[in-house]
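Below: the structure, in structure tokens.
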């Protein structure tokens with residue numbers, strides 16, 4: 007026989023199945039008709055809430071048994087609007103308000119983890135949706151419980167005799183204080199392994215709706231006529247998004263795409279110029295060195311971009327450059343390099359411009375007109391899963407002629423085979439197609455710009471500096487160099503425990519004690535909670551650093 011409080015068998019979720027909604031209506035009737043006489047009895051013994059279509063139900067189930075429920079919604083008018091006039095006059099300032107209603111737990115499961123589990127789920131949803139104020143009509147039978155959670159009473163009692171309710175509210179700050187001090191939110195998992203609610207990584211990114219469904223579909227042969235048609239359609243769609251002449255799609259990573267570019271550059275002959283202003287520029291130089299290309303490098307400090315007058319002078323001094331290779335968005339520092347200016351310089355000197363656009367495409371406007379070759383991947387800003395390497399090119403890609411390149415690296419061979427000379431995953435192709443079809447890049451770019459500006463203002467308000475200069479900041483990546491006393495490793499772990507995945511584990515970030523917050527793929531809008539938890543984590547690290555050592559010197 008199962009223990010009624012056996013946590014392992016309980017599932018906390020938002021209601022989605024037909025049987026769950028039927029059970030909700032039944033529990034609603036038993037609680038708010040039979041137990042609390044708020045509504046009239048009926049023969050069906052079922053009560054559909056007035057706001058059912060707007061409600062999100064957080065429920066606890068064991069198997070096919072509903073043990074408890076809570077409803078939330080954020081569309082006015084609220085239930086409380088009908089009971090109390092001008093509720094704003096009682097409330098503190100807010101930006102996004104929601105109402106919590108219909109708390110009901112089966113009798114034998116009261117005073118168990120059913121309530122606390124649903125409460126944690128409500129907290130999670132409130133964070134995801136960016137609410138900063140919640141209101142409830144709390145039954146007078148449970149006022150002490152509500153106040154313990156952090157709810158504050160306001161206004162007169164509402165309802166009727168036998169079913170009286172106290173209007174109450176909870177602010178974001180009160181909720182976070184309760185969360186910080188309550189034992190029910192203590193996580194017993196190892197540091198840095200908390201359940202993520204928000205993903206602000208540069209990869210893997212939050213994927214676009216429909217991507218997982220497409221990826222899990224039945225595989226197709228890459229030789230089937232329909233697949234070839236789908237593949238060619240995807241090529242056209244990708245090229246249209248970035249104004250490119252053609253695109254090659256291969257199984258592999260963005261690193262492979264850059265390896266292929268270095269192989270293609272080896273066919274041009276002559277000398278090239280690699281521009282470096284961060285970790286990924288240094289990696290381009292490594293690609294060039296491994297491919298034994300004839301090149302020179304031009305470097306500037308992290309967080310800066312290139313001085314066009316100085317660069318033009320360098321190019322004019324050395325008149326035999328055939329190609330120039332640069333990272334479009336230097337992910338490590340959050341710098342967006344000026345591709346239109348670089349394109350103009352290259353056109354004037356008949357230099358072939360090559361780009362690493364891996365972290366740019368899908369996160370900001372990219373125009374590849376006049377670009378010889380550009381690397382990208384499926385798993386970054388585009389919002390699909392990793393696994394596909396993309397190489398965009400113009401119509402002048404050099405043929406390897408006498409088979410000088412390995413088959414997989416020879417783009418002219420792809421041209422001969424209609425773009426599919428080797429096996430390619432239909433699942434990955436369909437997932438990438440879904441990411442393009444189901445996303446609005448224009449709206450995404452506007453949102454990302456706004457979110458980053460708000461975030462950077464808050465970060466600077468905490469006393470930290472954004473690494474990239476304002477004149478060249480990428481709209482979607484914010485890199486912060488932390489002071490010596492705050493470990494990026496510790497800060498990243500504490501943010502993960504709080505439900506926020508930020509970038510800090512890369513070697514180049516750890517080496518320079520940096521963190522990054524990235525808005526890539528189909529990411530969620532950052533809420534008050536992000537900066538709040540960042541501030542709390544920093545304060546905790548500072549306090550831990552001040553604790554006296556307990557070690558005794560031998």
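Numbering (the working numbering), first residue to last: 7 to 560. We put the CB at the ideal spot given by N, CA and C, even for glycine.
State yes or no: is the C-beta of residue 64 within less than 8 Å of the C-beta of residue 127?
-> Yes.
State the DSSP-derived secondary structure class of residue 409, mapped to helix, strand or coil.
-> coil
Sequence-distant residues of the same chain with beta carbon closer than 6 Å to residue 170, five excluded per side = 146 and 163
List the endpoints of the continuous alpha helix (DSSP H) containing residue 522.
-> Note, residue 522: premise wrong, no alpha helix (DSSP H); beta strand (DSSP E) at 520-524.
Would you kindly work out how many angstroms separate the C-alpha atoms of residue 263 and residue 472, rounded to a whole number?
-> 30 Å
At 3 residues or longer, and completely inside the region 82-117: list those beta strand (DSSP E) runs for me, N to C.
-> 103-111
Ranges of the alpha helix (DSSP H) found wholly within the region 280-334, counting only runs of at least 4 | 285-296 and 314-323
Could you tell me the distance, in whole angstroms, from the CA atom of residue 291 to the CA atom of residue 254?
-> Approximately 23 Å, taken between the alpha carbons.
Going along the chain, which unbroken runs of the alpha helix (DSSP H) with 4 or more residues stay wholly within the region 454-514?
-> 494-503
Comparing alpha-carbon positions, which option in 221, 458, 439 and 226 lies nearest residue 240?
-> 439
Residues in its own chain within less than 8 Å of residue 320 by CB, not counting five upstream and five downstream?
-> Hits under 8 Å: 279 and 304.
Identify, in the order they occur along the chain, each residue of the same chain with its Cβ nearer than 7 Å to the Cβ of residue 259, setting aside the five sequence neighbours on each side.
-> Answer for residue 259: 383, 392 and 395, listed in chain order.
Bridge partner(s) assigned by DSSP for residue 173 = 143
Taking DSSP as the reference, what is the three-state secondary structure of residue 123?
-> helix
In angstroms, rounded to a whole number, what distance separates the CA positions of residue 1 and residue 528?
-> In the structure as shown, the chain starts at 7 and stops at 560, and residue 1 therefore has no counterpart that could be examined.
Beta-carbon proximity of residue 390 to residue 514, cut-off 8 Å = no
Just checking, does the region 15-27 make contact with the region 64-75 on the three C-beta pairs under 8 Å criterion?
-> yes
Boundaries of the alpha helix (DSSP H) in which residue 386 is found, first to last residue | Premise fails: residue 386 is in no alpha helix (DSSP H) and is neither H nor E.
Assigned exposure category for residue 105 - 16 Cβ within 10 Å defines buried = buried
Which residue comes first and which comes last in the beta strand (DSSP E) that contains residue 68?
-> 62-68
Burial state of residue 37, where buried means 16 or more other Cβ atoms lie within 10 Å | buried
Assign residue 205 to one of two classes, buried (16 or more other C-beta atoms within 10 Å of its C-beta) or exposed (fewer than that).
-> Residue 205 comes out buried.
If we call anything under 8 Å between Cβ atoms a contact, is residue 403 one with residue 545?
-> Contact check for residue 403 against residue 545 fails: the beta carbons are separated by 8 Å or more.
On the DSSP bridge assignment, give the partners of residue 368 in chain order.
-> Answer by DSSP bridge pairing: none, since residue 368 is not bridged.
Please name the residue in 119, 482 and 497 whose C-alpha comes closest to that of residue 489.
-> Among 119, 482 and 497, the Cα nearest to that of residue 489 is on 497.
Residue burial classification, residue 535 (beta-carbon count within 10 angstroms, cutoff 16) | buried
Cα-Cα separation between residue 207 and residue 530, rounded to whole angstroms = Their backbone Cα atoms lie some 12 Å apart in a straight line.
Name the DSSP bridge partner or partners of residue 166?
-> 169
For residue 539 and residue 502, believed in contact at Cβ under 8 Å, the rounded distance | At roughly 10 Å, the Cβ-Cβ gap does not stay under 8 Å, so residue 502 and residue 539 are not in contact.
Could you spell out the range, first to last residue, of the alpha helix (DSSP H) harbouring residue 183?
-> 178-187
Quick one: any contact between the region 459-470 and the region 299-319, if contact means 3 or more CB pairs under 8 Å?
-> By the Cβ rule, the region 459-470 does not count as touching the region 299-319, because fewer than three pairs are nearer than 8 Å.
Would you mind sorting residue 25 into buried or exposed? The rule is 16 or more other CB atoms within 10 Å of its CB.
-> exposed
What number of angstroms, rounded off, separates the C-alpha of residue 217 from the C-alpha of residue 148?
-> Residue 217 and residue 148 have their alpha carbons spaced roughly 44 Å apart.
What is the residue span of the alpha helix (DSSP H) that residue 34 lies within?
-> 24-35
Helix, strand or coil for residue 346 per DSSP?
-> helix
With DSSP as the reference, label residue 79 as helix, strand or coil.
-> strand
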